[in-house]
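Structure first, then comments.
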Amino acid sequence: MFTSTGSSGLYKAPLSKSLLLVPSALSLLLALLLPHCQKFFVYDLHAVKNDFQIWRLICGRLICLDLKDTFCSSLLIYNFRIFERRYGSRKFASFLLGSWVLSALFDIILVEAMQYSFGIAAASNLPSGFLAPVFALFVPFYCSIPRVQVAQILGPLSVTNKTLIYILGLQLFTSGSYIWIVAISGLISGLCYDSKMFQVHQVLCIPSWMAQLFSWTLEPIFSSSEPSNEARVGMGATVDIQRQQRMEQLDRQLMLSQFAQARRQRQQQGGMINWNRLFPPLRQRRNINYQEGRQSEQQASPPLEVSEEQVARLMEMGFSRGDALEALRASNNDLNMATNFLLQH
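In full-length UniProt numbering, the protein residues as written are 1 to 345.
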């Protein structure tokens, strides 16, 4: 399911898995065993400008020296792995590369603007690590991931499927004194790359031969097996079929969000929506008319097989077996969507 969290672990996301394991392991290694080597990974633009230490633009922007930044960025990368599944590893890597290169330029511009305008020298205080591309991923996350309400808090305030991701981004944004420079440069670079401004997506991209080389050498190392306890999502024979399946599931999620919003509006006005008409598989009412319609529907198409393990998990949450079965069938065996169905209706 193409949501903000996903339900298939790191399956079909080898690049995201490598970004989770390798930088985190190196960050822990530098913090615990090799603290004297941390000086080689300091992101110091003053040394780049005055001492021509260009290598710091690479080393200083790969490994986080602060373990809190490592933890938050790893969680965000894990949630953003859905873009690798949607676009493929090559396009996802091209986005990361493009935003990483562009953000270095915007870092220099912002630091020089601060020093010229306010006399603040922040060149030697920028946080290290692969942070700018993480902030850049918030641009497609905001634009392409649908917002689905999970719980209502106070009036217009609500918890959605994207709330936790924004909270993690805010935590990372406030983890250091000048990390806002890296965050702003990352957002600007992500906006430039996502909007295809100045055709940067054609210049800063991964060549096909390099993508094939990494696919042959590194993908077998970082690939993950398909989860056996979850419904297969977007596993058509071709890329076009996979994208079509995912877009159909996205349409269902958008429809759910619209119907939930319509229901809240009608309830505020004192009216009720006939959810049996909109979602007949959910909260089945045992009447003759509905049974006849249901029997004709079953004759037209065979019932979808439902995972007993997912039914058991929903029953552990307090739902009845009948509701769990109907919710899983209506959501095409997607546990997250089925849970949202039962919680909201």
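C-beta atoms are modelled at their ideal positions from N, C-alpha and C, and glycine is treated no differently.
Could you tell me if residue 322 is buried or exposed, where buried requires 16 or more neighbouring beta carbons within 10 angstroms of its beta carbon? Under a 10 Å Cβ-count criterion, residue 322 is classified as exposed, with fewer than 16 other Cβ atoms of the shown protein chains found around its own Cβ.
Between residue 84 and residue 71, how many whole angstroms is the CB-CB distance? I'm expecting something under 8 Å. Contact doesn't hold; Cβ gap of about 21 Å is too wide.
If we ignore side chains and look at the alpha-carbon of each, how far apart do residue 151 and residue 164 end up? One C-alpha to the other measures close to 13 Å.
On the criterion of 16 or more Cβ atoms from any shown chain inside 10 Å, does residue 159 qualify as buried, or is it exposed? By the beta-carbon neighbour count (other beta carbons within 10 angstroms, threshold 16), residue 159 is exposed.
Suppose you measure from the CA of residue 177 to the CA of residue 125; what does that come to, to the nearest Å? Distance between residue 177 and residue 125, taken at the CA atoms: about 8 Å.
Using a 10 Å radius around the Cβ and a threshold of 16 neighbouring Cβ atoms, would you call residue 339 buried or exposed? Buried, because 16 or more other Cβ atoms sit within 10 Å of the Cβ of residue 339.
Could you give the distance in angstroms between the alpha-carbon of residue 60 and the alpha-carbon of residue 47? Distance between the alpha carbons of residue 60 and residue 47 is about 11 Å.
Evaluate the contact criterion for the region 214-225 versus the region 166-177: three or more CB pairs, one atom per stretch, below 8 Å. Taking 8 Å as the limit for Cβ pairs, the verdict is that the region 166-177 does not touch the region 214-225.
Are residue 119 and residue 204 closer than 9 Å when you measure CB to CB? Not in contact: residue 119 and residue 204 (Cβ atoms no closer than 9 Å).
Buried or exposed, going by whether 16 or more other CB atoms sit within 10 Å of the CB of residue 82? That one is buried.
Spell out the partners DSSP gives residue 160 in its beta bridges. Under DSSP, residue 160 shares a beta bridge with 149.
Return the CA-CA distance between residue 22 and residue 136, expressed in angstroms with no decimal places. Whole-angstrom Cα-Cα distance: 20 Å.
For residue 45, is the classification buried or exposed, using 16 other Cβ atoms within 10 angstroms of its Cβ as the cut-off for buried? It is buried - the Cβ of residue 45 has at least 16 other Cβ atoms within 10 Å.
From what residue to what residue does the alpha helix (DSSP H) around residue 111 run? It spans 89-118 - the alpha helix (DSSP H) in which residue 111 sits, taken as one unbroken run.
Nearest CA to the CA of residue 314: which residue from 305, 335, 330? Of all alpha-carbon atoms in 305, 335, 330, the one lying nearest the alpha-carbon of residue 314 is that of 335.
In whole angstroms, what separates the C-alpha of residue 54 from that of residue 225? For residue 54 and residue 225, the distance between alpha carbons rounds to 40 Å.
Terminal residues of the continuous alpha helix (DSSP H) containing residue 138? Secondary structure note for residue 138: its alpha helix (DSSP H) is the uninterrupted segment 138-144.
Spatial distance of residue 58 from residue 306 (CA atoms): In a straight line, the C-alpha of residue 58 is about 49 Å away from that of residue 306.
Starting from the Cα of residue 78, find the closest Cα among 332, 36, 141 and give me that residue. The closest CA to that of residue 78, considering only 332, 36, 141, is found on 141.
For residue 104, I'd like the list of residues in its chain whose CB is within less than 6 Å of its CB, leaving aside the five on either flank, ordered along the chain. Cβ neighbours of residue 104 beyond the five flanking positions: 57.
Would you mind reading off the limits of the alpha helix (DSSP H) that contains residue 53? No alpha helix (DSSP H) holds residue 53; DSSP gives it neither H nor E.
For residue 123, I'd like the list of residues in its chain whose CB is within less than 6 Å of its CB, leaving aside the five on either flank, ordered along the chain. Cβ neighbours of residue 123 beyond the five flanking positions: 45, 46, 111.
Taking the alpha-carbon positions, what's the residue 96 to residue 320 distance? Near 45 Å, if we compare the C-alpha coordinates of residue 320 and residue 96.
Between which two residues does the alpha helix (DSSP H) harbouring residue 28 extend? Residue 28 -> alpha helix (DSSP H) spans 14-32.
When burial is assigned at 16 or more other CB atoms within 10 Å of the CB, is residue 133 buried or exposed? With 16 or more other Cβ atoms within 10 Å, it is buried.
Assign residue 342 to buried or exposed, taking buried as 16 or more other Cβ atoms, counted over all protein chains shown, within 10 Å of its Cβ. Its Cβ being crowded by 16 or more others within 10 Å, residue 342 is buried.
By a C-beta neighbour count over all protein chains shown, 10 Å radius and 16 as the cutoff for buried, is residue 73 buried or exposed? Buried is the call here.
Leaving aside the five residues before and after residue 200 along the sequence, list all residues of the same chain whose C-beta is less than 8 Å from its C-beta, in chain order. Only 98, 102, 192, 193 meet the Cβ criterion.
Roughly how many angstroms separate the alpha carbons of residue 20 and residue 117, rounded to a whole number? Approximately 38 Å, taken between the alpha carbons.
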